[in-house]
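Shown next, in structure tokens, is the structure this report addresses.
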Amino acid sequence: MTVLYGFINSCLQSLVVEKFGHDTWVKLSSLPGVQDTFMTYTVYDDILTLSLVTEACSLLDVSADVFLKLFGEHFFQFCKQAGYDTMLRTLGGNLIEFIENLDALHSYLALSYQEMNAPSFRVEMTGDGKMLLHYYSDRKGLHHIVPGIMEAVARELFDSKVTMVVLNQSEEDERTGKKEHVVFLVKQTNQAGKPTDQVVPSQRGLDPGYIELVNYVEYTVYDKSSLFNGDGMAAFDLLFPGSHQCTLSPFYPDKLWMDEKAFCNAFPFHIVFDEDLKIRQTGVNLQKFVPGLHARHATLDQYFIITHPQVTFTIESIKKFINSQFVLKTFKDKYSTLKLRGQMLWIDSLGCMLYLCSPKLRSLQELQDVGLHLADLAQHDVTRDLVLLNQQRLAEMELTNQLERKKVEHQLQVQPEPEQRLIRNCDGPAKID
Ligand code: HEM
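Each residue of the sequence shown is one higher than the one before, starting from 1 at the first, in full-length UniProt numbering.
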């Protein structure tokens with residue numbers, strides 16, 4: 001059984017109330033199999049949400065795709081009202097970056113919505129410059145929400161228009177079961193209807209002459225490091241004062257000033273593995289918690305499963321999702337479950353993958369449960385702060401939960417039917433802190 005958080009159902013309720021009126025919601029919520037009050041941080045069977053959608057469609061005489069798209073648009077506004085406005089505005093500098101970071105956004109939200117089974121998104125740019133959006137979900141039939149949200153995102157965050165067409169819809173067999181995979185073709189135009197080039201963030205707001213020079217520097221076979229070194233950099237600074245931090249071409253040392261020991265101490269949970277998944281190198285603390293990693297012929301899939309993104313454990317699949325955040329989990333039967341969260345980096349010259357990660361932890365309780373201490377995390381690892389901050393946040397959420405419950409109970413006592421039905425969430429979503 002899959003479940004959805006009350007946040008989604010509350011959003012559906014507020015859509016119906018706002019767009020079609022209280023009476024429509026009263027009619028809808030009195031139908032069998034539907035209910036009228038939802039708690040933000042409580043999970044409800046997916047069937048309830050799907051019934052709500054089906055019933056709303058037949059009551060309003062609209063098709064599911066039209067209704068879901070409308071829901072998507074409303075969802076964006078609902079999230080903003082719930083206090084996620086800044087989070088949405090700062091997610092990416094353009095639509096591609098925005099989509100590429102949606103998984104990270106949902107992963108962050110999973111700190112609060114612990115049972116979240118969020119969808120996953122991936123952008124693919126085709127050889128002829130087309131933009132494809134891949135949507136993966138354990139739920140069937142919700143994909144029309146995506147164009148609704150994306151249109152609102154493009155309009156409000158990037159001052160542009162998008163049109164999205166379903167190119168392909170398939171069911172993929174994953175380890176966890178069937179997964180809905182929908183591919184959208186995304187066309188982005190500016191408000192005047194002209195196609196927008198996916199402008200590199202560093203080029204935004206710069207004059208055309210400057211962009212031309214940057215393009216020349218970035219896209220010629222010219223050795224960039226010499227230009228951006230010493231005199232070249234100084235000359236560039238004179239021409240374009242204060243601008244180089246936007247366009248700086250990275251400087252790479254001739255040799256790595258780092259030895260094996262320092263690296264394994266600095267990144268105590270990292271893993272390097274080759275194309276056959278054979279483990280080549282690991283961080284020192286990971287060795288402590290998952291012994292045996294350096295046995296001869298040890299491969300990564302003997303010790304871990306990939307829980308996110310839901311891909312098969314092969315180097316090809318990992319490469320396909322290289323922009324995603326990867327969550328790996330140890331097998332339960334052998335060790336206490338340790339989850340790792342981090343980034344995959346392909347090292348072309350070595351034919352190896354570097355998994356730069358930290359333990360995935362939500363609270364001090366979880367830290368304790370896996371037998372870790374804060375001291376096991378590197379000093380630079382922000383997981384230290386995250387655990388402590390979230391500890392406080394979880395306590396605040398519990399308080400919000402209790403308040404929501406009390407509010408509903410109190411209002412049910414004082415309100416006559418049918419107003420009782422409308423009590424929850426008509427006054428907008430529960431705000432985050
Ligand atoms: C800060 C803003 C956001 C919040 C608070 C949020 C929160 C959530 C939550 C709580 C769920 C329910 C998941 C579950 O119970 O398993 C969900 C699902 C979903 N979210 Fe987000 N989300 C946000 C932004 C977005 C954006 C920008 C998109 C863009 C496409 C998106 C697409 C979806 C979709 C399509 C679902 C439905 C579930 C599915 O397809 O399997 N969300 N979101």
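Each residue gets a CB set at the ideal place from its N, CA and C atoms; glycine is no exception.
Remember, it's a predicted structure, so these values are computed and weren't measured experimentally.
Kindly indicate if chain C contains any beta-carbon less than 8 Å away from that of residue i.
| i | result |
| --- | --- |
| R155 | Chain labels in this structure do not include chain C; a single protein chain is all it has. |
One question on the structure: do residue i and residue j come within less than 8 Å of each other, judged by their Cβ atoms?
| i | j | result |
| --- | --- | --- |
| F184 | N94 | no |
| T2 | D61 | no |
| S120 | P309 | yes |
| N390 | S363 | yes |
| I149 | F75 | yes |
| Y355 | T330 | no |
| F273 | M397 | no |
| E275 | I315 | yes |
| Q287 | H297 | no |
| E73 | A152 | yes |
| D301 | L277 | yes |
| Q343 | Q325 | yes |
| M39 | G92 | no |
| L59 | K19 | no |
| S336 | V370 | yes |
Rounded to the nearest angstrom, what separates residue i and residue j at their Cα positions?
| i | j | result |
| --- | --- | --- |
| I306 | T24 | 44 Å |
| F267 | T299 | 20 Å |
| F67 | I279 | 49 Å |
| Y41 | D128 | 44 Å |
| V165 | K140 | 18 Å |
| S29 | D36 | 5 Å |
| D103 | C79 | 16 Å |
| residue 455 | W346 | Outside the modelled stretch of the chain, which goes from 1 to 433, sits residue 455, for which no answer is possible. |
| Y113 | Q379 | 28 Å |
| Y136 | V146 | 11 Å |
| K319 | R341 | 16 Å |
| S317 | R405 | 44 Å |
| M233 | Y252 | The pLDDT assigned to M233 is 47, lower than 50, so where the model puts this residue is not dependable; a value taken from the coordinates is nonetheless given after this. One C-alpha to the other measures close to 15 Å. |
| L15 | D138 | 24 Å |
| N265 | D376 | 11 Å |
| D381 | L372 | 14 Å |
| P195 | N285 | 50 Å |
| S63 | E156 | 26 Å |
| A154 | W257 | 43 Å |
| K291 | T282 | Here residue 291 is Pro; the residue named in the question, Lys, does not match the sequence. About 11 Å. |
| Y44 | M116 | 11 Å |
| L388 | Q368 | 13 Å |
| L133 | L167 | 10 Å |
| S358 | T383 | 7 Å |
| S51 | Q13 | 13 Å |
| S170 | V34 | 29 Å |
| Q413 | S160 | 48 Å |
| M131 | Q191 | 18 Å |
| T54 | V182 | 21 Å |
| L361 | L374 | 11 Å |
| L111 | L399 | 16 Å |
(message) Extract the residue ranges of the beta strand (DSSP E) inside the region 255-329, only unbroken runs of 3 or more that lie entirely within it.
(response) 271-274, 279-282 and 304-308
(message) Give the list of continuous beta strand (DSSP E) stretches no shorter than 3 residues that lie fully inside the UniProt domain "Heme NO-binding" (5-164).
(response) 43-45, 120-125 and 131-137
(request) Tell me the start and end of each unbroken beta strand (DSSP E) in the region 335-360 that is at least 3 residues and wholly inside, in chain order. (result) Runs found: 339-347 and 352-359.
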